[in-house]
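Worksheet for the structure shown next.
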Amino acid sequence: MIHEVDEVLKGLIGGGALAGSGIEVSFDVPTRDWAARRNAPVVNAYLYDIREDVSRRQRGRTALRDDRDIVVRRRRPPRWFRLSYLVTAWTKTPQDEHRLLSAALATLLPHELLAAHQLPEALGRLGLAVPVTVGVIQSEARSLAEIWAALGGELKPSLDVTVTVPFPAFPDYDAGPPVTEGAVVRVHGADGGPPRSAERAHRPGQVAAARTAHEQAAARRTEQP
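Positions 68 to 292 (the numbering used here) are the ones given, in order, by the sequence shown.
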């Protein structure tokens, strides 16, 4: 999943204001040695922190249905993780770096929420939107000073970009076979004798039809002035 988030972020940064510029988007660790080898402008997105967003954690199971609306599998809710990137620009002059950062910021700001159809297949099939925050450092994240000290470099202007993504919680479980026979009611005498009335039964389809009719009637009552 992480490499797919890289793909999404690369497409966002490389598009918009930077589209057609030929500016490379790199995910390398921006150490001193790496910076010394650069001979062309580049925007670097360094993944420096991976942390679960525990406020989004859910319990239980979710039902997966087929095209007949029959439950075929059960799945645990996904776990959400915050992927934090340090986005920096590398050129020969600070002014050019500021221009690149400005272009990256202008490109990222409109994308505060990525819909499922904007995501790669493995992420998109979950059907969940993915939030993107720019310039908001998470309270639990490492400080910029700590990051640059670990990288052995000097502090540079940067954008803190956080993508909060769902990671599937495996495994899925096969659901039992669908119910084809409904409840059956038999009324016996107090002495345990034979039933006093005919057997009464219903099928799941009848229950579904009755529920739909009840919901439609309730909706009509709500619409009435």
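Virtual Cβ for every residue (Gly too), placed ideally from N, Cα, C.
Model, not experiment: these values are computed from the prediction.
Residue i and residue j closer than 7 Å at C-beta
i	j	result
A173	A112	no
L180	V230	no
P161	P233	no
H178	L114	no
V28	V92	Only positions 68 to 292 of the chain appear in this structure, which leaves residue 28 out of reach.
Continuous alpha helix (DSSP H) stretch holding residue i: start and end
i	result
I69	I69 to G81
E188	E188 to G191
E213	L211 to L218
R99	R99 to R104
Whole-angstrom distance between residue j and residue i, CA atom to CA atom
i	j	result
T200	A280	45 Å
T158	Q125	44 Å
F94	A236	27 Å
W101	V203	26 Å
G87	R118	34 Å
Y152	I137	41 Å
I214	D116	10 Å
R288	V139	35 Å
R104	R209	27 Å
Q185	R132	23 Å
G81	D134	38 Å
A217	P187	32 Å
Whole-Å CB distance - residue i paired with residue j, under 8 Å assumed
i	j	result
L76	L168	Actually they do not touch by this definition, with Cβ atoms about 15 Å apart.
Y220	P108	For clarity, residue 220 is Gly in the given sequence; the question names Tyr instead. About 18 Å separates the two Cβ atoms, so there is no contact after all.
E71	L193	E71 to L193, Cβ: 11 Å. No contact.
A182	A171	The Cβ separation is near 21 Å, so there is no contact.
Extent of the continuous beta strand (DSSP E) to which residue i belongs
i	result
E119	V109 to E119
T37	A question about residue 37 goes unanswered here, because the residues of the chain that appear run from 68 up to 292.
P198	V197 to V201
Chain B contact for residue i (CB, 7 Å cutoff)
i	result
R132	As a matter of chain content, chain B is missing from the structure shown, which is built from one protein chain.
beta-carbon residue i near the ligand SAH non-hydrogen atom, thresh 6 Å
i	result
L176	The ligand SAH is absent from the structure shown, which contains no ligands of any kind.
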